[in-house]
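Convert by adding 491 to the 1-based position in the sequence shown; the result is the number in this note's numbering.
Even glycine gets a Cβ: it sits at the ideal position worked out from N, Cα and C.
Below is one structure, written out as structure tokens; comments come after it.
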Amino acid sequence: MESEMKFYTDRDGLIDNSGYADQTYDGWTVTGPSAYCGGLWLASVCVKCKMARLVDNEAAFQRFRDILGGGSAAFDKLLWNRQYLISASRGHTFKKICSALKSVFDLNVMSFAGGQMGAVNGMRPVGVPDRSSVQSEEVWIGVVYGLAATMIHEGMLEEGLRTAEGCYRTVWERLGMAFQSLEANCEMGIYRSLAYMRPLSIWAMQLALW
């Protein structure tokens with residue numbers, strides 16, 4: 492956590508992306524606060540508070556509780572546009588989560604490739620894929636299965652299965668990569684990184700269905 496403080500520049504409770512590809516989308520430049528990194532940060536700060544309580548470190552608890560309070564408020568103020576979170580599909584309340592997931596389904600899934608490939612990583616609000624980087628216009632199989640699991644977990648069974656089906660039919664039926672699960676593919680049929688581990692997130696769908 493201390494190493495991440497170098498990204499805690501404006502002291503509003505959120506870390507800021509630094510203007511280069513400093514997260515798992517390592518070919519996609521991000522600047523300022525983002526829902527993806529901001530959500531991971533707030534979850535980590537919350538865990539840090541619980542850890543501080545367990546070891547009776549009151550100073551650490553107070554420090555990270557203050558960060559969490561400010562960060563939660565900033566997250567909502569800066570990144571929620573009343574329909575979805577800017578740059579990701581994460582929300583605070585059940586209502587916000589479902590609204591964000593519906594936006595992702597409508598835009599990233601159904602407005603991309605006829606709804607037949609899963610969810611594209613980046614989609615503009617007008618329904619045009621973000622082509623600012625290679626990764627923004629890709630479909631990441633493991634991310635899609637994780638997204639589908641989240642939809643199912645939140646009661647959006649039909650949307651979740653439709654989202655996952657696009658990846659399944661693309662990888663297994665159209666590309667013939669049933670036993671060489673790839674990391675990413677794009678609308679043009681180009682794919683990369685065979686035998687990738689992230690698609691193991693498909694097991695989260697089984698957990699969500701239980």
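Would you give the residue range spanned by the beta strand (DSSP E) that Leu495 belongs to? Position 4 of the sequence shown, counted from the first residue, corresponds to residue 495. The question names Leu, but residue 495 is Glu in the sequence shown. Unbroken run through Glu495: none, as it is neither H nor E.
In terms of DSSP beta bridges, what is Gly523 paired with? Walking along the sequence shown from the start, residue 523 turns up at place 32. The partner list for Gly523 (beta bridge, DSSP) reads Asn508.
Between which residues of its own chain and Val564 is the CB-CB distance below 8 Å, once the five residues before and five after are set aside? Here residue 564 is taken as the residue at index 73 of the sequence shown, counted from 1. Before going on, a small fix: residue 564 reads as Ala here, not Val. Counting only Cβ-Cβ distances below 8 Å, and skipping sequence neighbours, we find Gly504.
Whole-angstrom C-beta distance between Ser535 and Met492, which should lie under 8 Å: Here residue 492 refers to the residue found at position 1 of the sequence shown. Here residue 535 refers to the residue found at position 44 of the sequence shown. About 6 Å separates the beta carbon of Met492 from that of Ser535, a gap short enough to meet the 8 Å contact definition.
Give the DSSP bridge partners of Ala675, in chain order. Numbered from 1 along the sequence shown, position 184 holds the residue referred to as residue 675. Partner(s): Trp631, Arg683.
Gly747 versus Gly667 - alpha carbon distance: The question about residue 747 has no answer, for the chain in this structure spans 492 to 701.
Within 10 Å of its beta-carbon, does Ala675 have 16 or more other beta-carbons around it, so buried, or fewer, so exposed? The sequence position of residue 675 within the sequence shown is 184, counting from 1. By the neighbour-count definition (other C-beta atoms within 10 Å, threshold 16), Ala675 is a buried residue.
My guess is that Ile588 and Glu645 are in contact by the Cβ rule of under 8 Å, so how many angstroms apart are they, rounded? On the sequence shown, position 97 is the one that residue 588 refers to. On the sequence shown, position 154 is the one that residue 645 refers to. Between Glu645 and Ile588 the Cβ distance is about 6 Å, and since that is below 8 Å, they are a contact.
Return the residue from the list Leu559, Glu656, Leu545 that minimises the CA-CA distance to Gly605. As a working mapping, residue 605 is identified with position 114 in the sequence shown. Nearest of Leu559, Glu656, Leu545 to Gly605, Cα basis: Glu656.
Pick out whichever of Val600, Val546, Tyr682 has its Cα sitting closest to the Cα of Val625. As a first step, residue 625 is located in the sequence shown; it is residue number 134 there, counting from the start. Checking every option, the nearest Cα to that of Val625 belongs to Tyr682.
Residues near Ala669 by beta carbon distance below 6 Å, same chain, minus five either side: On the sequence shown, position 178 is the one that residue 669 refers to. So the qualifying residues of the chain are Trp663.
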